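Chains as they are written, first to last, in my numbering: chain S, 63 to 340; chain U, 63 to 340. Below: the structure, in structure tokens.
Next up, the structure:
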């Protein structure tokens, strides 16, 4: 009998108050089959140990978050970013996931040149795509909401992400479809179709849109069902585009982080069943 | 000799700490030829008295802000909104401006239907457009940044605003081009061209993008030159599209509001000369 959780994956950031062993244990108990991991806690635990932990528990690592930050102009910074992204690919491969999420990076200090920054991402992908491919990893460019365009991610729409991705083979570079970042965009459904037709939907993530936004606008992603986004509608778009993979819930939310992590995971699983699966 | 201020208009909200008479006096002293007015302070002063004040000072009222908030589903709310917008048209006409800026409104409480909300705006424009035209006033739909899509304005891009505006004659309905809301959008330059070709750029407003955004993301619009937006680039786009009208600086900024209003106006005029005119 279906639990409604078969496609659910919990992104580690949603319950960052849990240690990796606590997260794995809670997933097993609650019947959560997938996890999206973050590099920092994985490295703190040890990459190989983390890989063994999730593998032994029977969990699927749906993504590793995150590489990217590829917009620097300074040659030393740029070189360091590329090296760090190659390490992220190595870590993804070690964890047994095929998808590395990329957050592109914002404008360098003092720069007003969005177009130039986007072109530097393309240059970096030309180096990183083949490297990732040779390790069995796909890069998934994540367009972030336009409110992050200056300081975090100059790729603001799915159309822009695909314009970048399509310069490379789909098995090297695709996109992350995250409801939080694209829900306002009336072009996003057609862009999801475009991505799906080319096999470029490398992961599908959910967060709800709630207001008022907090200062800095980073940690106000709403629990599924609490906000303005119709999750079933967006699930319908990615499914119509041929996506049958895991659906990750990734929330950055100070309120959720202040609570018991296991309770938040249970609540998130229940919300997933209510607003996504059923 | 050019002062560089010939096309400058100060939006009243930028220096809301000034009373209307103080604002008018400061504009005259500083050689600022235009003002964009807001309904609330105008009504507090009296619409006819405000009209006489600015007229006698030789100032041009470049816009009235604002009508809109047309997304309600409740019939009584909807009827009240339409009546209020007709009053806004009357006030614009009384003030001698030909442009009423419209902020469309957000999702009704509990709604997740952006498309439906946008269609209700179109329905409202069908009533308001002819009324405005008969009073010599043009409606200027303002797309607001996508971060306001849920709670303030379901029209998030210039393309969406034009999709709405083009259902009506250009002398009834056009758009507001405001750098703060569209600077991240790589499609905006082509949409400015589209708007200009049809005579639908009814006003051009400036604010700079600075981070971090404050809680609620309303009052963090940066002083010209302080942020990520290349003002000359955007001025170039609207000019290439045939726009030769006033350029309004509209800042909502707690830091600026805490300062002496006349100093802020002088600073804003100087920034305009430095980053826009020269």
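Using N, Cα and C, we set each Cβ at its ideal position, and we do this for glycine too. Predicted model, so just to flag it, every value in this text is computed and none were measured.
Would you say residue i reaches chain U, if we count a Cβ-Cβ gap shorter than 8 Å as a contact?
i: residue 207 of chain S; result: yes
i: residue 248 of chain S; result: yes
Along chain S, in chain order, which residues have C-beta atoms closer than 7 Å to that of residue i?
i: residue 341 of chain U; result: The first residue shown for chain U is 63 and the last is 340, placing residue 341 of chain U beyond what the model contains.
i: residue 213 of chain U; result: 273
With 8 Å as the threshold, decide whether the Cβ of residue i is near any Cβ in chain S.
i: residue 132 of chain U; result: no
i: residue 319 of chain U; result: no
Who are the neighbours of residue i on chain U, taking C-beta pairs under 9 Å?
i: residue 100 of chain S; result: Neighbours of residue 100 of chain S on chain U: none; closest Cβ ~22 Å, over 9 Å.
Please name the residues in the segment 286 to 303 of chain U whose beta-carbon is closer than 7 Å to at least one beta-carbon of chain S, in chain order. Within the segment 286 to 303 of chain U, the residues whose Cβ lies closer than 7 Å to some Cβ of chain S are 290, 291, 292, listed in chain order.
Under 9 Å (Cβ pairs) to chain U, residues found in the segment 218 to 235 of chain S: Here the close residues are 218, 219, 221, 222, 225.
Name, going along the chain, the residues of the segment 264 to 282 of chain U whose beta-carbon falls closer than 7 Å to a beta-carbon of chain S. Answer in chain order: 271, 273, 274, 275, 276, 277, 278, 279.
Going along the segment 185 to 201 of chain S in order, which residues come within less than 9 Å of chain U, judged by CB to CB distance? The residues in question: there are none.
Which runs of the beta strand (DSSP E) fall wholly inside the segment 92 to 127 of chain U and span at least 3 residues, in chain order? You should have 96 to 100.
Segment contact flag, the segment 174 to 193 of chain U with the segment 210 to 219 of chain U, C-beta cutoff 8 Å, min 3 pairs: Judged by Cβ distances under 8 Å, the segment 174 to 193 of chain U makes contact with the segment 210 to 219 of chain U, as three or more pairs qualify.
Can you confirm whether the segment 247 to 265 of chain U touches the segment 275 to 284 of chain U when touching is taken to mean that 3 or more C-beta pairs between the two stretches lie within less than 8 Å? With the cut-off at 8 Å, the segment 275 to 284 of chain U and the segment 247 to 265 of chain U do not touch.
In chain order, what residues of the segment 140 to 173 of chain S put their CB closer than 9 Å to some CB of chain U? Of all residues in the segment 140 to 173 of chain S, 168, 169, 173 have a Cβ within less than 9 Å of some Cβ in chain U.
Kindly provide the ranges of any alpha helix (DSSP H) runs that are 4 or more residues long and lie completely inside the segment 286 to 319 of chain U, ordered along the chain. Those alpha helix (DSSP H) runs which fall completely within the segment 286 to 319 of chain U and span 4+ residues are 293 to 302, 316 to 319.
Cβ pair count under 8 Å reaching 3, the segment 159 to 170 of chain S against the segment 188 to 205 of chain S: Using a C-beta cut-off of 8 Å, the segment 159 to 170 of chain S makes contact with the segment 188 to 205 of chain S, since at least three inter-stretch Cβ pairs fall below that distance.
Can we say the segment 82 to 99 of chain U touches the segment 330 to 340 of chain S, given the rule of at least three CB pairs closer than 8 Å? Because the criterion of three Cβ pairs below 8 Å is not met, the segment 82 to 99 of chain U and the segment 330 to 340 of chain S do not touch.
In the segment 212 to 252 of chain U, which residue ranges form an unbroken beta strand (DSSP E) of at least 3 residues, counting only runs that do not cross its ends? The qualifying runs are 235 to 240.
Within the chosen definition, does the segment 227 to 247 of chain S reach the segment 187 to 198 of chain U through at least 3 CB pairs nearer than 8 Å? Remark: fewer than three beta-carbon pairs, one from each stretch, lie closer than 8 Å, so the segment 227 to 247 of chain S and the segment 187 to 198 of chain U are not flagged as touching.
Check whether the segment 135 to 145 of chain S and the segment 324 to 335 of chain S touch, using three or more Cβ-Cβ pairs below 8 Å as the test. The answer is no - the segment 324 to 335 of chain S does not touch the segment 135 to 145 of chain S, with fewer than three Cβ pairs under 8 Å.
Give a yes or no on contact between the segment 250 to 259 of chain S and the segment 277 to 286 of chain S, applying the rule of three or more CB pairs nearer than 8 Å. The segment 250 to 259 of chain S vs the segment 277 to 286 of chain S: no contact.
Quick check: the segment 309 to 327 of chain U against the segment 75 to 91 of chain U, are there 3 or more CB pairs under 8 Å? The answer is yes - the segment 75 to 91 of chain U touches the segment 309 to 327 of chain U, with three or more Cβ pairs under 8 Å.
Given 8 Å as the limit, is there contact between the segment 118 to 129 of chain S and the segment 93 to 110 of chain S, that is, 3 or more CB pairs closer than that? Two segments are said to touch when three or more pairs of C-beta atoms, one from each, lie closer than 8 Å; by this definition the segment 118 to 129 of chain S touches the segment 93 to 110 of chain S.
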